[in-house]
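Here it is in structure tokens:
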């Protein structure tokens, strides 16, 4: 089968899936949401899965593992029992605050905790649909798919075609949400390859402030595909800290797209921690649509075996006087492969842009690979844009220095790795979150 | 006096002797490209059968290929059937004196500081001016022959050194390489050939400039340079003044081969017609340049100053195969008015301890679009490979664009690869500071741009450096209000 | 009269900075302009040099009988107005000697003189460096790039020596200098004054300190865009003791 044939086979499979899905919707087929789905799915069908041949943006990441599997919609299969103890183990339990748990993309109310923090509404789409909360229903239909570019990002369109459940977070004007909002997406064990489509919509009003954590966990060695989309809208002077923790199963493919639209004077920061999963693609595409915006993207990957992670970012500076800062680091062992693809766009209007991008990788094995594609597209003259990329191994001199002071080689290496990653961890304000992530990082080394 | 006359006479004769031009002076194939045209070209050039076959293979391949569209440039489609692929060398109208030359052109020459004699030669003014060059050429020829250096037109090389041509042609840029290179392989008409024997350090900077019959081979030029073991050559390519060539499409191929301990330094000043301020006319410069450091400790160094052409698509590259081999790429690209450039390099590290350095300076002014596109690839076998890349852009005005697209692909953990890119502009405070010291704004800009490009200019041979500097000033005229 | 400023009014983006400033300077005179932050001192320096962004709404500046405000910045420089910048600008990649030679020859050309040959120019550089006890290594580097604060200021004085202006405007030359650097810079200025007694200086400063080294003939106090008090060098000492509020108090009294 050649690529084109495969693609069309694949479309057929997803079309079949889509039909089954549609049938399951019964009455809600007539809802406005469903027309959004249909349109999005058409956009996906039109282009199919991107390949290195058809898209420069997928030059180094091939979705072959997805293409060859006939994934079934996990939500239709009976999911394994997941106990509250399991959840406590998987979640960052000590983090107080709201916690929404999704099993295979479906909201699990019994496992969730909603604390009713002032100024915050956290709802699952499924819950909302059953309720008479018109205000939030309107909010959902008004904002969903408003920020993600479905023409450009075909896999995000696939998610949108199947969007059913998800998390809606609204932070009211002026509200400062003290405790983090944790979204735990668990993929349960199935005997067949499954797919789930988690979805998050975050609307932060003027002068609001909150921390949101997306935590993706897989259990076992089953094959599955998490196809997730998060949309975030930051109104003027909103301040959002976002974290994404990826500890998917060893045979899992994770595609995550985060579309962010920022208004004037808002501050957005996201940090992703790619710790496990067979193939991970993280897309973050902030649009800086106002003046004096701050945008920070951080990422840390620690990969081993045949893991593959692709961090893909596009920061679009549309207005003057904004600052963006990007720092992605990776440590690659065994036969793992790290890809970084970061674009900074500075539109003609965006004078006085200050954009910094940096990508650093350490290769720890003969068979590990790294590809980097740091790009600048600049149409304004009074800007400061820099990007830097370095690839190398552990500094041998430093290693020797430590060993000469009596530190064992293994320990010395760990120390140097820790030093390498330190600036990513430093960005985490919450002590517990930082320590948990850092401990996990050390375990992986 | 009589010797002078003889030299002139020899020169005129030589021109006929060297080229195949005399007997085909009236021949021009009608526009269009098919196998017959290729056979015609090959026959006219009295080429051996293998070369014709090679051309035909390339042509058949080319027919299956699609024009690449990934570059960050836009231009109207080229009608490849509307180009005449063979015509006798264009006879420029013989002018009697400089008074008959386009004053615009003369002004440019003056700014470049080209001596009067040279001005005449470039403008195509007859006889007397050429005289000096002729004797110069003859002297150089003799000197080179003494060292066993072969420096001739490609056609001559095919006739006189077929074994060398056959061995190396297409060995670095295969006829299947890319759309433009494949087209060139099918239809190339002439170019330069250089062979430096083992252990020889070429005593001169070789240049197309000195090779009289290199004129008018621009459109599908083919250059092949071989530096045998332990040899050294510095080659300069370029028109030294803006020749107003009306050819729309230039698709040249350059292949460099550096054997063990050999070094090739290739410098280019590209100053083809950029089109007018509205973007009318101008050359499409789609060039494939690649060198292989085949032997251990070999070195290839590309230096380019790209100021001309409407569209430039060009990535002089190095395949670093030999152990400890070194590849370098130094580039200044300027786009003003409606010019677009997508240029950069590829450094493919194969051998152990291979090193590469990339320094690219892009300057965008007017509505120019300047793109750096480069690849650094470290293969598994390339233990201890090192690369350092630096891509700096300078923007002048708010209607131009500067884009940087590096690709870094690392397959060996011992590699050390660093890439840096920055963007800057000429600050108003900098201009004011210069003004306050009595310098005009124009001089201030030229000084600052030159400062920005300094690292590259110091890589150029002396003869080129002065000229590059002048060219820069001319290219950026009217770019700052 | 070398310089005559009459009733000068200047605005920046609609904000009035200078509000009727008068000043006359004869050849050979040194005038200190003192004043609190925001009084318009640096505006005066920049206006004389022709920096963009200032709007003269009223008044005139006559330099050697010519309308200074009518000239481009480079013309003013060539006529002999030199501004030693408060923040000298970095010119990456532009070698000091090259920069200076071009500037020097632009001034010569303006005066109808032939450009100086590189060798002669190098000789001149040596002489002036010796005279001012400055390290000529500075001009072998890119102009001001990576210079320390002191090096930048010294470099300004060096340029002043080479370009040989008639009127030198020193804009807060003492800011950010330690005492050693201050001495070197002032010695330089004093040497140039001695060498050419017809040179005039405007020394713009916030502190009296500099005036211990460069002794002014006149001291003017600039407050809110106007010269409110003029005197000799003792006025500066008074200011040092009493602070600027003393002037204000005196005024309102």
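Residue numbers (the numbering used here), protein chains in the order written: chain B, 17 to 461; chain Z, 666 to 1146; chain X, 56 to 308. For every residue, glycine included, the Cβ atom is placed at its ideal position computed from N, Cα and C.
Nearest residue (CA-CA) to residue i, options the options
i             : options                         : result
residue 136/B : 409/B, 390/B, 435/B and 221/B   : 221/B
residue 390/B : 37/B, 72/B, 246/B and 66/B      : 72/B
residue 82/B  : 239/B, 347/B and 383/B          : 239/B
residue 300/B : 130/B, 169/B and 162/B          : 169/B
residue 142/B : 409/B, 32/B and 181/B           : 181/B
residue 189/X : 215/X, 274/X and 67/X           : 215/X
residue 918/Z : 900/Z, 892/Z and 956/Z          : 956/Z
residue 433/B : 379/B, 331/B and 443/B          : 379/B
residue 989/Z : 925/Z, 1023/Z, 973/Z and 1045/Z : 925/Z
residue 70/X  : 174/X, 158/X and 109/X          : 109/X
Opposing strand residues paired with residue i [DSSP bridges]
i              : result
residue 259/B  : 229/B and 287/B
residue 1141/Z : Note: residue 1141/Z sits in no beta bridge, so no partner.
residue 433/B  : For residue 433/B, which the question treats as bridged, DSSP gives no partner whatsoever.
residue 1071/Z : 1039/Z
residue 242/X  : Per DSSP, none; premise fails for residue 242/X.
residue 1007/Z : 978/Z and 1036/Z
residue 387/B  : 355/B and 1074/Z
Check whether residue i and residue j have beta carbons under 9 angstroms apart
i              : j              : result
residue 1005/Z : residue 737/Z  : yes
residue 717/Z  : residue 704/Z  : yes
residue 1116/Z : residue 150/X  : yes
residue 183/X  : residue 239/X  : no
residue 1035/Z : residue 998/Z  : yes
residue 59/B   : residue 156/B  : no
residue 166/X  : residue 1097/Z : no
residue 228/B  : residue 250/B  : no
residue 304/B  : residue 160/B  : no
residue 407/B  : residue 377/B  : yes
residue 968/Z  : residue 1124/Z : yes
residue 851/Z  : residue 698/Z  : yes
residue 1106/Z : residue 129/X  : yes
residue 156/X  : residue 176/X  : yes
residue 244/B  : residue 282/B  : no
Buried versus exposed call for residue i [16 or more other C-beta atoms within 10 Å across all chains shown]
i              : result
residue 744/Z  : exposed
residue 56/X   : exposed
residue 227/X  : buried
residue 235/X  : exposed
residue 139/B  : buried
residue 352/B  : buried
residue 323/B  : buried
residue 1136/Z : buried
residue 417/B  : exposed
Backbone CA spacing between residue i and residue j [nearest angstrom]
i              : j              : result
residue 1082/Z : residue 152/X  : 36 angstroms
residue 271/B  : residue 78/B   : 12 angstroms
residue 102/X  : residue 229/X  : 20 angstroms
residue 59/X   : residue 901/Z  : 58 angstroms
residue 361/B  : residue 1129/Z : 36 angstroms
residue 187/X  : residue 243/X  : 5 angstroms
residue 453/B  : residue 424/B  : 24 angstroms
residue 933/Z  : residue 217/B  : 55 angstroms
residue 281/X  : residue 265/X  : 22 angstroms
residue 980/Z  : residue 992/Z  : 13 angstroms
residue 292/X  : residue 286/X  : 11 angstroms
residue 270/X  : residue 1062/Z : 45 angstroms
residue 1091/Z : residue 1028/Z : 11 angstroms
residue 64/B   : residue 284/B  : 31 angstroms
key: Residues, ordered as in the chain, of the segment 144-156 of chain X that lie near chain A by beta-carbon distance below 9 angstroms   = As a matter of chain content, chain A is missing from the structure shown, whose protein chains are B, Z and X.
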